[in-house]
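Structure, as structure tokens:
There are 2 protein chains.
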Amino acid sequence: MKFAYAMPTKVIFGRDCVKEQGALLRTLGDSALIVTGRSSAHNGALRDVEEALAANGQDYTLFDRVTPNPAVACVREGVQLAKAAGADFVIGLGGGSPMDAAKAIATLAVQERADDEIFAGGYEDRALPMAHIPTTAGTGSEVTPYAILTNDAMQTKTSITSYAMFPRLAFLDGKYMLFLPQESTVNTALDALSHAAEGMLSRNATPLSDLYAEESLRILAPILPRLRGALSADDRDMLLYASCLAGMTIAQSGTTAVHGMGYYLTYFYGIDHGRANGLLLGETLRLCCEKGLAQADRILRALHLADADAFCSLLSSLLGRREDIPRERLLDFAGRSVSNKNIKKSIYEPTAEELARIFLRSFA
Amino acid sequence: MKFAYAMPTKVIFGRDCVKEQGALLRTLGDSALIVTGRSSAHNGALRDVEEALAANGQDYTLFDRVTPNPAVACVREGVQLAKAAGADFVIGLGGGSPMDAAKAIATLAVQERADDEIFAGGYEDRALPMAHIPTTAGTGSEVTPYAILTNDAMQTKTSITSYAMFPRLAFLDGKYMLFLPQESTVNTALDALSHAAEGMLSRNATPLSDLYAEESLRILAPILPRLRGALSADDRDMLLYASCLAGMTIAQSGTTAVHGMGYYLTYFYGIDHGRANGLLLGETLRLCCEKGLAQADRILRALHLADADAFCSLLSSLLGRREDIPRERLLDFAGRSVSNKNIKKSIYEPTAEELARIFLRSFA
Chain A
32 MKFAYAMPTK VIFGRDCVKE QGALLRTLGD SALIVTGRSS AHNGALRDVE EALAANGQDY
92 TLFDRVTPNP AVACVREGVQ LAKAAGADFV IGLGGGSPMD AAKAIATLAV QERADDEIFA
152 GGYEDRALPM AHIPTTAGTG SEVTPYAILT NDAMQTKTSI TSYAMFPRLA FLDGKYMLFL
212 PQESTVNTAL DALSHAAEGM LSRNATPLSD LYAEESLRIL APILPRLRGA LSADDRDMLL
272 YASCLAGMTI AQSGTTAVHG MGYYLTYFYG IDHGRANGLL LGETLRLCCE KGLAQADRIL
332 RALHLADADA FCSLLSSLLG RREDIPRERL LDFAGRSVSN KNIKKSIYEP TAEELARIFL
392 RSFA
Chain B
32 MKFAYAMPTK VIFGRDCVKE QGALLRTLGD SALIVTGRSS AHNGALRDVE EALAANGQDY
92 TLFDRVTPNP AVACVREGVQ LAKAAGADFV IGLGGGSPMD AAKAIATLAV QERADDEIFA
152 GGYEDRALPM AHIPTTAGTG SEVTPYAILT NDAMQTKTSI TSYAMFPRLA FLDGKYMLFL
212 PQESTVNTAL DALSHAAEGM LSRNATPLSD LYAEESLRIL APILPRLRGA LSADDRDMLL
272 YASCLAGMTI AQSGTTAVHG MGYYLTYFYG IDHGRANGLL LGETLRLCCE KGLAQADRIL
332 RALHLADADA FCSLLSSLLG RREDIPRERL LDFAGRSVSN KNIKKSIYEP TAEELARIFL
392 RSFA
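Structure follows, in structure tokens:
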């Protein structure tokens, strides 16, 4: 047995945690850049943060122009604002896009990189300290060291990472999700499900990432079939906890084939990230079952599902009508996926033919 | 659901991890104080560390005079040596005693405290950065923010803590335990068992501490009955992993009644710490079963044991002949335990009569 483990983020979980423990933000600095999207004002999270900062006597500047699947230009804009405002810490607030943008801004604010070197890796262990507050239950970004950005040169999404990109603090409060639109609830839950499952299917899985992943799946199991119904406050809390566990999973294992393939659906068709994963997850797990992967059985067992068919049915019930994507485009995506770095991290690395089969069957 | 989670230690687990990843020590400083006991030279850990430091071009000073259940005087000696040598980081190497001493030294080297204030709490978040290398599988100290020292004023052992007492790095290699004497193997495994069980019986248990605890118990279950037989290298690894998980448990939950009571056995009778816990654990769990605690059932289930009797039998088979302790001394210990802070953290807080019953039955 050989593995490494690291997840240094302090997690504060529970109703009104920002209000009750906002004093912890004091340890991060004097002046915050709050990084968020345009809709952040509606769920109450921004108000809670602003009140906590005011109570702490901390300044802040608001950068609320993060768009879904943030591009480098958006990050540059945030960096410029952080520097102009003299921000010495960053608060990421929202779904995966604002949190990922916040991590990239916190990093590029202290490490210069030319545009064509953004995705070249080798980041030093330095970033402005961060607190993250998720307002969806899916990305898990609050407990990972990854920022996933749109990579136009490669026509996909690509992660950048360094240890310093782990947020110092994560505040998790399910109340911010109480009025989340159903589509966002489903898509982000599919993202969490994908993190847990892909983490278990990763060559870099560890005993601890598997422990988190299986617990995440066990928690998701009874809620997934009810995602399109009314969800209680407890359901929201459990979805958020499962999403955090799935984030802690991929913080160790990374994501694998499904994310690697899904990025093309998002880049070329604008399909929501979590939905893109959900669309491809069923056929990917089916392949792993066919290849006899013990991990695939463990995933099904944790979800209390009998086989890959049951898993695919569950996903279909959540996904509804699938997008119409021409066969040649799907084959193009399969071809692009062959050399994708996430796919190479899969315990079973699908062949070119198998990747094509997954794409075609997922949209059959 | 409301909880906090923090465990910032980077864990490097596996055969020859110090040799292969010793370069990580470079990030801690220029000059180490190695804190260990007299026997550390025998298991190869000290040599591995010295070679890693030499390869890194780092200086070090050896403090190898840590005694079991370290007292404040021992810590003072280490602090003096650290200051005289200009050490800017600390390596704790050995069982719980050297690791706990290392934490206290790393803290008191940067925070002045009079002797009568050592146990007064309120430590600031500052300590010399640390790497820990356990050479027993039981204490879990490598992943906790606690240092437990002998407290002569209170005639017990007492913990001191601060967030900065979490080691930055923990190197876990089961090879250091291959020739551990059977008695030490049993006693330290009982300590790990106690951490996992007590963590689940704590008012401060969290979803994550329970996740770690149950996994630790599941791993210990098949090995415990074989502890007095020959153990394979794999068994050693799994004991070490289970011990680390149990440490991660109490890093969240703290220890509870068993540790609180056991410290008196160690202080007044010199009974090994892990053994002291093992002696009291069975009757404590029996009480929790009688009180209908769901957590007690979960502990038994994770261990694949039918009831408290089966648990007590397992412990007795490992403990062998129990110490002769006069009834009045046991009652004295029970009386002292009533106001112990660990006992007050138990979900079910035993009454004075119940504490007396636990002590008396444990030595019947």
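Protein sequence lines, in the order shown, are assigned to chains A and B. For the first sequence, the residue numbers in this note's numbering are 32 to 395. For the second sequence, the residue numbers in this note's numbering are 32 to 395. In this text, a Cβ means the ideal position worked out from N, Cα and C, and glycines have one as well.
Counting the other Cβ atoms within 10 Å of the Cβ of P253 (chain B) gives fewer than 16, which makes it exposed.
A Cβ-Cβ contact shorter than 9 Å links T92 (chain B) with I65 (chain B). A direct Cα-to-Cα measurement between G366 (chain A) and E321 (chain A) gives close to 22 Å. Around the CB of M185 (chain B), fewer than 16 other CB atoms lie within 10 Å, so the residue is classed as exposed.
Exclusion of the five residues before and after S284 (chain B) leaves G230, S233, N235, A236, S240 as the residues of its chain whose Cβ lies within less than 6 Å of its Cβ. Close CB contacts of M208 (chain B) within its chain, under the 8 Å cut and outside five residues either way in sequence, are with N74, T166, T167, A168, T216, R267, L270, L271 (chain order).
D268 (chain B) reaches chain A at M32, counting residues in chain order whose Cβ is nearer than 8 Å. Take the alpha-carbon of F342 (chain A) and the one of A273 (chain A): they are about 18 Å apart.
Shortest Cα-Cα distance from L242 (chain A) to any of A:E384, A:A337, A:L276, A:L349 involves A:L276. Under DSSP, Y36 (chain A) forms a beta bridge with B:V42. Listed in chain order, the positions of the region 225-252 of chain B with a beta carbon within less than 7 Å of a beta carbon of chain A are P238, L242, E246. C-alpha of Y154 (chain A) to C-alpha of T280 (chain A): approximately 22 Å in a straight line. At a beta-carbon threshold of 8 Å, none of the residues of chain A lie near A264 (chain B); the nearest stands roughly 10 Å away. Within chain A, no C-beta atom comes nearer than 8 Å to that of G305 (chain B); the closest sits roughly 23 Å away. Look at G123 (chain B) here: in three-state DSSP terms it is strand. Contacts with chain A at 9 Å (Cβ-Cβ) include I43 (chain B). Going by C-alpha positions, A116 (chain A) is about 52 Å away from D328 (chain A).
Distances from the alpha-carbon of H290 (chain A) to those of A:F390, A:G53, A:G68, A:D119 put A:F390 closest. With a 10 Å radius around the Cβ and a threshold of 16 neighbouring Cβ atoms, P101 (chain B) comes out buried.
When the beta-carbon positions are compared, D95 (chain B) and T67 (chain B) come within less than 9 Å of each other. In this model, S193 (chain B) and P176 (chain B) are separated by some 6 Å (Cα to Cα).
Taking 9 Å as the CB threshold, P39 (chain B) lines the interface with chain A. Straight-line measurement puts the Cα of P99 (chain A) at about 20 Å from the Cα of M161 (chain A). Within chain A, the residues M32, P238 have their CB atoms less than 8 Å from the CB of Y272 (chain B), given in chain order.
Contact check for A307 (chain A) against L296 (chain A) passes: the beta carbons are separated by less than 9 Å.
Within the same chain, and ignoring the five residues on either side of A135 (chain B) in sequence, the residues whose Cβ sits closer than 7 Å to its Cβ are V106, A178, L180, I191. E143 (chain A) and A201 (chain A) have their alpha carbons spaced roughly 26 Å apart.
Rounded to the nearest angstrom, the gap between the Cα atoms of V49 (chain B) and L262 (chain A) is 49 Å.
DSSP, reduced to helix, strand and coil, places S190 (chain B) within a strand of the structure shown.
The Cβ of Y36 (chain A) sits closer than 9 Å to at least one Cβ of chain B.
In the three-state reduction of the DSSP assignment, D90 (chain A) falls in the strand class, which pools E and B. Against chain B, the CB of R329 (chain A) has no partner CB under 9 Å away; the residue lies outside that interface. Taking 9 Å as the CB threshold, R46 (chain B) lines the interface with chain A.
Per DSSP, the continuous alpha helix (DSSP H) segment holding M292 (chain A) begins and ends at 288-300.
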